[in-house]
Amino acid sequence: MSFRTASCVLIVILAGGAISCAKNKELVATGGSRADGTVDLSYEYAALEKPVVNEAQGLITAQQKCAAWGYSGAEAFGGRKEECQYANEYGCMKYFVTVKYQCTGASKL
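Residues 4 to 112 (this note's numbering) are what the sequence shown spells out, left to right.
See the structure below:
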């Protein structure tokens, strides 16, 4: 194989590796504490996925969970915790992301 052909093959491989698929992800309740007034919402994604998260939907879910505990609202703490759930010799293949929300307003329960 000539140098030019090898270079072209390498470029195609690198370009193909950079391609990822955008995928909608829904934040779902995975934990929290009524006493602390916190709600954990999470989603999973694979290494080649580019997660598209509806933050507004997440806030609504957190507000609903907080309301069930007697709080008047919720707000995101800011930031997210990302953990690798599955890795192989190429790196992490599956991620688990958690966003923490704080319930607001005094609990009425």
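Virtual Cβ for every residue (Gly too), placed ideally from N, Cα, C.
Checklist entry - From Val15 to Ala32, what does the alpha carbon distance come to, in whole angstroms? => result Start at 1 with the first residue of the sequence shown, and residue 15 comes out as number 12. Start at 1 with the first residue of the sequence shown, and residue 32 comes out as number 29. No answer about Val15 holds up, because its pLDDT of 41 lies below 50 and its placement is not dependable.
Checklist entry - Residues in its own chain within less than 7 Å of Ala25 by CB, not counting five upstream and five downstream? => result Position 22 of the sequence shown, counted from the first residue, corresponds to residue 25. For Ala25, where only same-chain residues beyond five positions count, the Cβ hits under 7 Å are Lys53, Val55.
Checklist entry - Of the residues Gln105, Gln88, Gly61, which one's Cα is nearest the Cα of Ser75? => result Position 72 of the sequence shown, counted from the start, is the residue given in the question as residue 75. Per the Cα distances, Gln105.
Item to check | Per-residue DSSP class, three states only, for Gly94 | outcome: Taking the first residue of the sequence shown as position 1, residue 94 is located at position 91. Of the three classes helix, strand and coil, the one that applies to Gly94 here is strand, per DSSP.
Item to check | Secondary structure of Ala9, DSSP reduced to three states | outcome: In the sequence shown, counting from the first residue as 1, residue 9 sits at position 6. With a pLDDT of only 46 at Ala9, under 50, the local geometry of the prediction cannot be trusted, and the value read off the model is given with reservation. The answer is helix: DSSP assigns Ala9 an H, G or I state.
Checklist entry - So, is Ala109 buried or exposed, given that buried needs 16 or more other C-beta atoms within 10 angstroms? => result Taking the sequence shown and counting its residues from 1, the one referred to as residue 109 is at position 106. Label assigned to Ala109: exposed.
Checklist entry - According to DSSP, is Ala79 helix, strand or coil? => result Locating residue 79 in the sequence shown gives position 76, counting from the first residue. DSSP places Ala79 in strand when its eight states are reduced to three.
Checklist entry - Could you give the residue range of the beta strand (DSSP E) that holds Lys53? => result Your numbering for residue 53 matches position 50 in the sequence shown. Looking at the DSSP string, the run of the beta strand (DSSP E) that includes Lys53 is 52-56.
Next on the checklist: Assuming the contact rule is C-beta atoms closer than 8 Å, Ala65 and Val42 should be a hit. Round their C-beta distance to whole Å, please.
Outcome noted: Residue numbering aside, residue 65 sits at position 62 when the sequence shown is read from its first letter. Residue numbering aside, residue 42 sits at position 39 when the sequence shown is read from its first letter. Correct: roughly 5 Å between the Cβ atoms.
Checklist entry - Distance, Cα to Cα, Ala50 vs Ser23? => result The sequence position of residue 50 within the sequence shown is 47, counting from 1. The sequence position of residue 23 within the sequence shown is 20, counting from 1. Looking at the two C-alpha atoms, the distance is approximately 9 Å.
Item to check | First and last residue of the uninterrupted beta strand (DSSP E) at Glu47 | outcome: Locating residue 47 in the sequence shown gives position 44, counting from the first residue. It spans 41-49 - the beta strand (DSSP E) in which Glu47 sits, taken as one unbroken run.
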